[in-house]
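Residues 413 to 619, numbered by this note's numbering, are exactly what the sequence shown covers, in order. Where a beta carbon is used, it is the ideal one built from N, C-alpha and C, also for glycine. See below for the structure under consideration.
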Amino acid sequence: MGVVANLKLSYGQPEEGATVFLPIGSLVSPLNRMLIRAAPGHTLRATDLQRAINPRMPDVRIGLTYVPDSIDAVLVHPRFRAALLGALALTGVLLAAVGLFAVGTYDAAARNHEIALRIALGAPPSHVRQLILRDAWISTALGALAGLGITWAIARLMQDFLFRTDAREPLYYVAAAAMLMISAGIGAWFPALRASRTDPITVLKAH
């Protein structure tokens, strides 16, 4: 009798319960599956197993499946779900960037007269760009703080959907906030660039 390390019975699921190893000869029910480790540098083949088992169990027929292939087959659906969620997350980021671009464009157009006055009074184009970007980042930061706060509050409810991942890992929250801020900068950059090229004479004449 001996004690071995924890056994993982199902990939993608936490370990549960205890496992007992019994000698093959003591099994009452028919043998369904064996896990065999080959010697280093040796490729295990079904014919080798057939020759080794046949003297004791002549009626047993061997079908060999390698562990990496078995793992890949088991993880097909989890990998598909992860890829689908990743695609949805990327789509959400792109939509956020497009929304910020639209909001930034509207904000710059609404402040067209103010921007023209700033440029006429000597404000450099870089100052105008910083003004538009700063407003976009402030709004995004406030929204990100609210969203991260709600996510932190309901993290325990999402923990059951995660595998070996802490729903309150600070690194994930920092990465999400950084991605939102980068998206805000990209979405607001083009309206800021357009606003910095405003012709004050044309705008002020129109008003």
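Would residue i and residue j be called neighbours here (beta carbons separated by less than 7 Å)?
| i | j | result |
| --- | --- | --- |
| Ala-458 | Leu-476 | yes |
| Leu-512 | Ala-604 | no |
| Ile-598 | Ala-509 | yes |
| Ala-607 | Val-540 | yes |
| Ser-595 | Val-505 | yes |
| Ala-579 | Met-570 | yes |
| Ala-589 | Ala-556 | yes |
| Ala-587 | Ala-548 | no |
| Leu-496 | Thr-552 | no |
| Leu-560 | Tyr-585 | yes |
Could you spell out the range, first to last residue, of the alpha helix (DSSP H) harbouring residue i?
| i | result |
| --- | --- |
| Thr-584 | Looking at the sequence shown, residue 584 is not Thr but Tyr. It spans 582-608 - the alpha helix (DSSP H) in which Tyr-584 sits, taken as one unbroken run. |
| Leu-506 | 488-522 |
| Ala-556 | 537-565 |
| Val-415 | First-last for Val-415: undefined, no H or E at that position. |
| Leu-616 | 612-618 |
Taking all protein chains shown into account, do 16 or more other C-beta atoms lie within 10 angstroms of the C-beta of residue i, making it buried, or fewer, making it exposed?
| i | result |
| --- | --- |
| Ala-520 | buried |
| Ala-618 | exposed |
| Leu-574 | exposed |
| Leu-543 | buried |
| Ile-527 | buried |
| Ile-531 | buried |
Less than 7 Å between CB atoms is the rule here; does residue i satisfy it with respect to chain B?
| i | result |
| --- | --- |
| Arg-541 | Protein chain content of the structure displayed is limited to a single chain, and chain B is not contained in it. |
How many angstroms separate the CA atom of residue i from the CA atom of residue j?
| i | j | result |
| --- | --- | --- |
| Asp-611 | His-489 | 56 Å |
| Leu-456 | Leu-487 | 23 Å |
| Arg-445 | Thr-563 | 44 Å |
| Leu-616 | Pro-537 | 17 Å |
| Leu-461 | Ala-499 | 44 Å |
| Tyr-478 | Arg-449 | 10 Å |
| Ala-522 | Leu-533 | 19 Å |
| Asn-524 | Leu-507 | 25 Å |
| Pro-582 | Ala-567 | 12 Å |
Residue i: beta carbon under 6 Å from a heavy atom of the ligand MN?
| i | result |
| --- | --- |
| Lys-617 | In the structure shown, the ligand MN is absent, as is every other ligand, since no ligand is present at all. |
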